[in-house]
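Student: Here's a structure for you.
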Amino acid sequence: MRATAFALAALLMNATAGLAQVAAAPTQAPTQDPTQVKAGRYVLDPDHGKITWSVSHLGYSTYYGQFTGVSATLDLDPKVPARSRLSVTVPLSGVLTGNSRLDERLAASDFFDTPKFPTASFTATGVEQTSPTTARITGDLTLRGVTKPVSLDATFNQAGTNLIDRRYTVGFDGRTVIKRSEFGISAFLPLVGDEVTLRIEGEFKAAP
């Protein structure tokens, strides 16, 4: 009994010490001023980096789904945004619709053909600041082996020390519209819309 008590006391002491270390870690208050953001390399937090897509279904409704498991690196230069670089990889097996049969259907050869093309990718080729907190990011999107230029509108949310893991974090939202037919995905056109809206949410952590 005494040994158990000592073990519990040791666990509590270790937990308290860990919390004290987290509390003592240097922090930077969240800021919505992009000029105060730290320059450097960032890595997307996969738990807080998702792409929500939407497409017209027969003209009656807008159907929504998500891509999860997205990975990305960001080389950020807040003072000269045009020097910033972004590289994104999207595992197409990570598509979620809430319908397992549809998820399987999207993996088929007339849609994503994931056995042959398991990922999509985006590589930024230019960043144009459009306001103090917004930018237009142009780059190359590769999907099903087809590469096309795409522009997305990005909005800076805030940056600072994340209160959960105490890591410096920068957050953005983004939006773009693509035509799936341009990437060889023409199944069920025009019943299912050609234009696909992509909404991107990302929290980027400062790389170690």
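Be aware that the sequence shown starts at 1, since it is given in the UniProt record's numbering, and climbs by one per residue. Heads up, the beta-carbon is just placed ideally off N, CA and C, and yes, glycines get one too.
(1) Are the beta-carbon atoms belonging to V170 and V37 less than 8 angstroms from one another?
(2) Going along the chain, which residues of its own chain have a beta-carbon closer than 8 angstroms to the beta-carbon of G126, five neighbours each way excluded?
(3) Enumerate in chain order the residues of its own chain whose CB-to-CB distance from T52 is below 7 angstroms, with the five nearest sequence positions on each side excluded.
(4) So, using beta-carbon positions, are G184 and S56 closer together than 8 angstroms?
(5) Under a three-way DSSP split, which group does A206 fall into?
(6) Could you tell me the distance, in whole angstroms, from the CA atom of G176 to the CA atom of F204?
(7) Can we say the segment 151–159 touches the segment 109–121, given the rule of at least three CB pairs closer than 8 angstroms?
(8) Taking the alpha carbon of A120 as the point to measure from, which residue in T133, S87, L96, T134 has its own alpha carbon closest?
(9) Please determine whether the Cβ atom of T68 lies at a distance below 7 angstroms from any heavy atom of the ligand MN.
(10) Are the beta-carbon atoms of L92 and F117 separated by less than 8 angstroms?
(11) Let me confirm a value: V146 is counted as buried when at least 16 other C-beta atoms fall within 10 Å, else exposed. Which label applies?
(12) Return the CA-CA distance between E195 and L58, expressed in angstroms with no decimal places.
(13) Is the separation between the beta-carbon of R166 and that of T68 shorter than 8 angstroms?
Tutor: Straight from the coordinates:
(1) As a working mapping, residue 170 is identified with position 170 in the sequence shown. As a working mapping, residue 37 is identified with position 37 in the sequence shown. Contact flag set, yes.
(2) The count along the sequence shown starts at 1 and reaches residue 126 at position 126. Closer than 8 angstroms at the Cβ level, and outside the excluded window around G126, lie A82, I137, T138, G139.
(3) Counting from 1 along the sequence shown, the entry for residue 52 is found at position 52. Cβ within range, chain order: Y64, Q66, R199.
(4) Here the question's residue 184 lines up with position 184 in the sequence shown. Here the question's residue 56 lines up with position 56 in the sequence shown. No, Cβ-Cβ distance for G184 and S56 is not below 8 angstroms.
(5) Indexing the sequence shown from 1 puts residue 206 at position 206. Here A206 sits in strand by DSSP.
(6) Here residue 176 corresponds to residue number 176 of the sequence shown, with the count starting at 1. Here residue 204 corresponds to residue number 204 of the sequence shown, with the count starting at 1. The amino acid at residue 176 is misidentified as Gly; the sequence shows Thr. In a straight line, the C-alpha of T176 is about 19 angstroms away from that of F204.
(7) no
(8) Here residue 120 is taken as the residue at index 120 of the sequence shown, counted from 1. The candidate whose alpha carbon is nearest that of A120 is S87.
(9) No copy of the ligand MN appears in this structure; indeed no ligand is present at all.
(10) Indexing the sequence shown from 1 puts residue 92 at position 92. Indexing the sequence shown from 1 puts residue 117 at position 117. Yes, they are a contact pair.
(11) By 1-based counting over the sequence shown, the position of residue 146 is 146. Label assigned to V146: exposed.
(12) Here residue 195 is taken as the residue at index 195 of the sequence shown, counted from 1. Here residue 58 is taken as the residue at index 58 of the sequence shown, counted from 1. Those two C-alpha atoms are separated by around 13 angstroms.
(13) One-based indexing of the sequence shown puts residue 166 at position 166. One-based indexing of the sequence shown puts residue 68 at position 68. Not in contact: R166 and T68 (Cβ atoms no closer than 8 angstroms).
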